């Protein structure tokens with residue numbers, strides 16, 4: 006099968022198409038014929054060696070949507086031929102992938118949108134749980150127009166919270182259209198947020214990683230209830246950085262988010278689609294931090 010791999014750590018140019026063996030599912034795993042794969046910032050961090058270690062050569066990507074092709078021992082609830090979405094265990098930039106956390110893709114959900122859901126949903130749900138947000142509280146999200154930030158903003162607003170989000174000009178229009186109070190990032194942020202939320206903010210989610218933690222601490226009056234997924238200097242400020250293990254999100258919770266997206270209750274913006282062979286270009290755009298929405302690889 007064809008897969009996009011990297012043999013050494015480096016920039017997007019280390020990615021290349023390779024012919025590799027079709028993986029065989031183990032206990033509890035399904036094999037899927039990948040239709041689409043999501044491109045995420047973590048893909049670039051793994052490729053560059055700035056995340057957890059992975060054996061090389063490695064197949065890039067961590068989420069996909071496709072059709073179940075084979076079942077390993079002990080799989081319940083899924084069948085060969087079923088359309089699914091979820092995280093992958095063997096890399097998603099490939100014609101086939103293995104997973105033990107796939108969920109059914111709702112009927113009618115487009116393939117590109119399906120592949121855009123797993124990481125954004127799991128991350129947003131995890132951060133909101135860590136922040137312990139309640140109805141009536143005010144949440145500030147840095148980078149609220151990105152895939153994860155926008156998912157968190159919509160979920161929090163649907164749960165009864167007031168949401169303020171920072172974004173660029175185009176992103177602010179998107180936020181406003183979804184009922185989220187938008188403002189620009191950068192100098193003067195504290196004053197702008199205080200004008201928009203005179204009673205203060207109850208929690209802060211940094212999905213941007215652009216140096217917003219000092220302002221966040223000022224707005225909160227301390228480091229309590231501030232979570233970042235993007236600022237590597239979090240520990241220097243005493244702020245929680247989350248990469249996954251602090252809270253376990255069940256696959257069924259991601260499935261419910263997918264159902265809400267299919268029903269039109271939640272929006273997942275897809276910025277651009279690339280063929281598998283152009284994975285390097287997709288990661289280069291992702292690495293820039295200006296994707297403008299979710300980037301998708303069309304595999305099949």
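Residue numbers (the numbering used here): 6 to 305.
Positions of the beta carbon are idealized from the N, C-alpha and C atoms, including for glycine.
Predicted, not measured: the structure shown is a model, and the values here were computed from it.
Does the beta carbon of residue i fall short of 7 Å from some heavy atom of the ligand NAD?
i, result
"residue 304", "As for the ligand NAD, it is missing from this structure, which has no ligand bound."
Assign residue i to one of three DSSP states: helix, strand, or coil.
i, result
"residue 194", "helix"
"residue 138", "coil"
"residue 243", "coil"
"residue 22", "strand"
"residue 104", "strand"
"residue 12", "coil"
"residue 133", "helix"
"residue 17", "helix"
"residue 30", "coil"
"residue 117", "helix"
"residue 272", "coil"
"residue 123", "helix"
Round the Cβ separation of residue i and residue j to the nearest angstrom and send it over; I've been treating them as touching at under 8 Å.
i, j, result
"residue 195", "residue 225", "About 11 Å separates the two Cβ atoms, so there is no contact after all."
"residue 75", "residue 85", "7 Å"
"residue 144", "residue 166", "5 Å"
"residue 212", "residue 235", "6 Å"
"residue 97", "residue 34", "Not really, about 14 Å apart at Cβ, beyond 8 Å."
"residue 198", "residue 157", "Actually they do not touch by this definition, with Cβ atoms about 17 Å apart."
Beta strand (DSSP E) containing residue i: first to last residue?
i, result
"residue 301", "299 to 303"
"residue 278", "275 to 280"
"residue 186", "186 to 188"
In the DSSP assignment, the alpha helix (DSSP H) including residue i goes from what residue to what residue?
i, result
"residue 155", "152 to 163"
"residue 224", "218 to 225"
"residue 176", "174 to 182"
"residue 257", "256 to 267"
"residue 202", "Residue 202 -> no alpha helix (DSSP H), and no H or E assigned at all."
"residue 252", "No alpha helix (DSSP H) holds residue 252; DSSP gives it neither H nor E."
"residue 292", "284 to 292"
"residue 296", "From DSSP, residue 296 is part of no alpha helix (DSSP H); its letter is neither H nor E."
Which residues does DSSP list as the beta-bridge partners of residue i?
i, result
"residue 7", "24"
"residue 231", "209"
"residue 109", "89"
"residue 169", "145 and 186"
Quick one: does residue i have its CB under 8 Å from some CB of chain D?
i, result
"residue 162", "Although the question refers to chain D, the structure presented lacks it and comprises just one protein chain."
Handout entry: Complete runs of the beta strand (DSSP E) confined to the region 33 to 100 [at least 3 residues]
Key = Counting whole runs of 3 or more residues, the region 33 to 100 contains the beta strand (DSSP E) stretches 35 to 44, 68 to 76 and 88 to 92.
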